[in-house]
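In the numbering used here, the protein residues as written are 1 to 215.
Spelled out as structure tokens, the structure:
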């Protein structure tokens, strides 16, 4: 009886298997790197486009506000006047440095330096289209809620925000809200006046906060 030796079947050696694994890992790494670079380039391109669009929208919005800045505030008596404002909702006019002091001027535009951060631009404008004229204070104002004026306050309405300014430069201005109905005043020779009282008015604190000389 003759025996037959079995032939060993061919296969991968351990070294060949390890080389195959390394080649597969390199292929996966290359494909991952390719996809990552493609996504990064895509995000950079889209991000630049989005930033440009956001910048254009911001400039469009600012340009619209800038066009109306200073409307109704072109009187030489009030441009840059340090203004007292009492707001029940806590709003304050933008501060500005004037020498060693910090004032809150009323002007078309106030730019606050931001140092290492962004600067801040505040734009101010009036909203009345009636073209209301200027009234003169006839009695010295030392406080209170009544302001005596020299003529019938045509064009002034209850709830309007008014600005009181001194004729001499360097004085302080005040913002307040008309609380009475000027249309109900007795005609001259009765004294004409505006009232700035009323807890329901946003910009009234019961006083202008500044004294003025009438004349």
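Where is the CB? At the ideal position from N, CA and C, for every residue including glycine. Computed from a prediction, not measured in an experiment: that's the story for all the values here.
CA nearest to the CA of residue 123, picked from 209, 94, 33, 31
94
Which residue from 98, 69, 139, 68 puts its Cα closest to that of residue 81?
98
Return no unless some Cβ of chain B is closer than 8 angstroms to the Cβ of residue 53.
Any reference to chain B falls outside this structure, which holds one protein chain only.
What's the call for residue 203, buried or exposed, on a 16-neighbour Cβ count within 10 Å?
buried
Going by beta carbon distance, what residues of the same chain come within less than 6 angstroms of residue 160, once the five residues before and after it are set aside?
178
Counting only runs that start and end within the region 124-209, where is the beta strand (DSSP E) found for 3 or more residues in a row?
146-149, 161-164, 172-177, 192-195
Can you tell me the Cα-Cα spacing of residue 17 and residue 27, whole angstroms?
15 angstroms
Between the alpha carbons of residue 217 and residue 88, how many angstroms are there, rounded?
Absent from the model: residue 217. The displayed extent of the chain is 1 to 215, so no value can be given.
Around the Cβ of residue 194, are there at least 16 other Cβ atoms within 10 angstroms (buried) or fewer (exposed)?
buried
Take every Cβ of the region 67-84, pair it with every Cβ of the region 100-111, and state whether three or more of those distances are shorter than 8 angstroms.
yes
Look at the alpha carbon of residue 109 and the alpha carbon of residue 74, and state the distance between them as a whole number of angstroms.
12 angstroms
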